[in-house]
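Q: Those protein sequences? They're chains S and X, same order as listed. As numbered in my numbering, residues 1 to 342 make up the first sequence, in order. As numbered in my numbering, residues 1001 to 1342 make up the second sequence, in order.
2 protein chains.
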Amino acid sequence: MRTAGKGITIHDVASRAGVSITTVSRYMNGFYENMSESTRQRLEQVIRELDYRPNALARGLKSQNSMTIGCVMADMASPFSALLVKGINAVCREQGYKVLILDADNDPRLETEAYKSLLNNPVEGIISNTTGRVDGELLAVAAAIPVVLADRVIETPGQIDSVVSDNAEASFAALRYLKEQGYRRVGFFSPPVEKISTRTARLTAFRRAEEELFGRDAREDTFLYDPADPASLPGALQRFLEDGTKPCAIFSVNGAVTLELLRTMRRQGIELSEELGLCGFDDWAWSELIGPGITTLVADTYEMGVRSAELLLERIRSKERGPARCIELKNVLTERGSTQIR
Amino acid sequence: MRTAGKGITIHDVASRAGVSITTVSRYMNGFYENMSESTRQRLEQVIRELDYRPNALARGLKSQNSMTIGCVMADMASPFSALLVKGINAVCREQGYKVLILDADNDPRLETEAYKSLLNNPVEGIISNTTGRVDGELLAVAAAIPVVLADRVIETPGQIDSVVSDNAEASFAALRYLKEQGYRRVGFFSPPVEKISTRTARLTAFRRAEEELFGRDAREDTFLYDPADPASLPGALQRFLEDGTKPCAIFSVNGAVTLELLRTMRRQGIELSEELGLCGFDDWAWSELIGPGITTLVADTYEMGVRSAELLLERIRSKERGPARCIELKNVLTERGSTQIR
DNA sequence: TTGTAGGCGTTATCAA
DNA sequence: TTGATAACGCCTACAA
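1. Mapping DSSP to helix, strand and coil, what is residue 120 of chain S?
2. Would you please verify whether the beta carbon of residue 1099 of chain X is less than 8 Å from any beta carbon of chain S?
3. Quick one: measure Cβ to Cβ for residue 1183 of chain X and residue 1277 of chain X, integer angstroms, because I've assumed they're closer than 8 Å.
4. What's the C-alpha gap between residue 1213 of chain X and residue 1185 of chain X?
5. Where does residue 1250 of chain X fall in DSSP's three states?
6. Got a sec: which bits of the stretch 1056-1073 of chain X sit with their beta carbon under 7 Å from any beta carbon on chain S, in order along the chain?
7. Nearest to residue 295 of chain S by alpha carbon, out of S/66, S/341 and S/39?
8. List the whole-angstrom C-beta distance separating residue 1203 of chain X from residue 1188 of chain X, where the pair is believed to meet the contact cut-off of C-beta under 8 Å.
9. Let's see if you can read the secondary structure: which residues bound the beta strand (DSSP E) around residue 129 of chain S?
10. Counting only beta-carbon separations shorter than 8 Å, does residue 340 of chain S have a partner in chain X?
11. For residue 167 of chain S, count neighbouring C-beta atoms within 10 Å of its own C-beta (all shown protein chains included) and say buried if the count is 16 or more, exposed if not.
12. Do residue 91 of chain S and residue 329 of chain S have their CB atoms nearer than 8 Å?
13. Distance cutoff 8 Å, beta carbons only. Does residue 1054 of chain X sit that close to anything in chain S?
14. Expressed to the nearest angstrom, what Euclidean distance is found between the alpha-carbon atoms of residue 305 of chain S and residue 71 of chain S?
15. What does residue 86 of chain S touch in chain X if you count any residue whose Cβ is under 7 Å from its own?
16. Could you check whether the Cβ of residue 1122 of chain X sits closer than 8 Å to any Cβ belonging to chain S?
17. For the beta strand (DSSP E) containing residue 281 of chain S, name the first residue and the last one.
18. Report the three-state DSSP secondary structure of residue 1316 of chain X (helix, strand or coil).
19. My guess is that residue 1127 of chain X and residue 1308 of chain X are in contact by the Cβ rule of under 8 Å, so how many angstroms apart are they, rounded?
20. Given a threshold of 16 other Cβ atoms within 10 Å of its Cβ, counted over all protein chains shown, does residue 18 of chain S qualify as buried or as exposed?
21. Closest Cβ-Cβ distance between residue 1290 of chain X and chain S: below 8 Å?
22. CA-CA distance, residue 94 of chain S and residue 1148 of chain X?
23. Measure the alpha-carbon distance for residue 1002 of chain X versus residue 1106 of chain X and round it to whole angstroms.
24. For a quick check, are the C-beta atoms of residue 251 of chain S and residue 175 of chain S less than 8 Å apart?
25. Can you name the start and end residues of the beta strand (DSSP E) that residue 1101 of chain X belongs to?
26. Identify which residue in S/263, S/47, S/221 and S/256 has its Cα closest to the Cα of residue 1289 of chain X.
27. Taking only runs that begin and end inside the stretch 1006-1087 of chain X, name each unbroken beta strand (DSSP E) of 3 or more residues, in chain order.
28. State yes or no: is the C-beta of residue 47 of chain S within less than 8 Å of the C-beta of residue 85 of chain S?
29. Enumerate in chain order the residues of its own chain whose CB-to-CB distance from residue 1075 of chain X is below 6 Å, with the five nearest sequence positions on each side excluded.
30. Taking C-beta pairs closer than 9 Å, name the residues in chain S that residue 1263 of chain X reaches, listed in chain order.
31. Does DSSP put residue 328 of chain S in a helix, a strand or coil?
32. Determine, for residue 1081 of chain X, whether the minimum Cβ-Cβ distance to residues of chain S falls below 8 Å.
33. Return helix, strand or coil for residue 1229 of chain X, following the three-state DSSP convention.
34. Given residue 291 of chain S, which residues of its chain have a CB within under 6 Å of its CB, disregarding the five upstream and five downstream residues?
35. Should residue 1297 of chain X be flagged as near chain S, meaning a C-beta pair shorter than 8 Å?
36. Output yes or no for whether 8 Å exceeds the beta carbon distance between residue 1324 of chain X and residue 1145 of chain X.
Right under this line is the structure:
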């Protein structure tokens, strides 16, 4: 059974309507100007009857534009990814673009693979939330088609369009806030920073704050743990708490870390208190519900998706290879109970 | 500048290697059998040099299969969606398929639009997490190409392949568990149930439990609130608490509701206690961290994505239009402090 | 106002 | 063992 819309080609429409495929093509593309009212109506009817839909593949092959972008996510499991994708989708839908999603699953090899596959595929541009270990590939890809880095950038700046948040400034401001709240010491908790730009920016700001605000040696307050090793975070927490300087606070590099910290603390019977504060990047719906409420620092992820898509589509449209642009969103500090000393 | 991989066609390879495009095509598709070792090596080298990648569009146009599936999500913002998509992606990547994501943003019209756009586009199949208000469209789509319903099904059963969880059984079991814990009354909290199958299944089970386990009139314990009206949920909660039967517990239809409930409770100074329990569907990372820990009921979302994709790809491959299949995953009850009476 | 024909990059059927 | 060549479905000069 030949189903509606499936397998119907421009030829079917043409013969049924008694015109040439050219005319049908014209009709489909809105070139009504020089078309007799009668054929136009006839076409409209036939197309509806047959439920004809032009084959996007053929159209793309001919016109060399697939109306599709690719979107490579470092880890699709994160709520961050969902929001980013939603923002990207909203813009693309409106502008008639399709979005291909590829999950790198935190694996640089998969990320590289993703770019490969995207290059065969007919995507007109790519939005990348990189794992941070494939700068070379990214530069190569960006040389071939428009790329926008979302949230995370590569080491060499000014090469690729990007939409990021003000990690350094916001981190420093948050640390100043902690200082003003009366905390005398802050620990920076993170998985290995690697080349992930959000992490390096936050760590760098932390180091500066340690020196300028707290007059401490950042090395003693930096706790990089191994997420693969269950004993690693508890150990780091223990070491952090051993130093007697109080009140102290934890500065968490992202939501996943915050979550792991809270889990560990609960398991060990450690509670947030006047002596122990907590503040971190990423704000999920639950941030206000845990304990006294967790103070967070976050940029609008959905907006980041929107901006990334807008930037990319603009780039695609205006074929220009101008200098790389960087859009920076603000991280907002939401103060909650976890950083209240009394 | 003509960049590697971009714009290089089979012709370029052929002429450079001094063979015909046919031979190149053969090479690309692994038909080495009748190929001289020398041309094979020559081809391998040239292809590497030129970084040639076959154009997926042309390939798809010719072979009538795009190696792409579409994935329509009721609401991409939900962490559920992210996990489902990740599962789908994992399978598709492995089998060489691309995944097109469309977000319906909880809007049936957008969902319908998504199917339309997917039908022009050359997807070989669709995984749908439907908003629940477009059964007709879904049936039409499923008549044209393979469709798998993920998590939510349409009203008429047995028509479309699906991967769901045992909502009814698990709900009933959870309610029995609450009964055994000593709760004398349970309130069912949900947004309007509409035609969303997960919700109707859970509500139906609740009604049966009300009758069989609690000997109560379900109508008095069903609280459907309007998510758009901020006063609606607090009002419902108030009404629920007015009845003096204790201890009582809330049965929340999903994670979003649980979150809203917890927010409302916090705002109103209502705490989970021996008198007031809480248990609900969906388990996010924070479930164990809020208050005494929230007892939850949930199926493996990632697995659901994996199964959906496997089912769909199998369907696509074995062109058969056999009877609809339904895979059912188990919801697991994770007992935490929120349903502990003492 | 409408139609013819060539081409987009592949695959596949022949033939050599 | 390899090569012409005709599709695939659509767009678009160029003609009529």
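By construction, the Cβ of each residue, glycine as well, lies at the ideal position given by its N, Cα and C atoms. As the structure is a prediction and not an experimental result, all values here were calculated from the model.
A: In short, the structure shows the following:
1. helix
2. yes
3. 6 Å
4. 10 Å
5. strand
6. 1056, 1057, 1058, 1060, 1061 and 1066
7. S/341
8. 6 Å
9. 125-129
10. no
11. buried
12. no
13. yes
14. 10 Å
15. 1076, 1077 and 1103
16. yes
17. 276-281
18. helix
19. 5 Å
20. exposed
21. yes
22. 26 Å
23. Here residue 1002 of chain X scores only 36 on pLDDT, less than 50, and its place in the model is too uncertain to base an answer on.
24. yes
25. 1098-1103
26. S/263
27. 1068-1073
28. no
29. 1106
30. 285, 288 and 289
31. strand
32. yes
33. coil
34. 272
35. no
36. no
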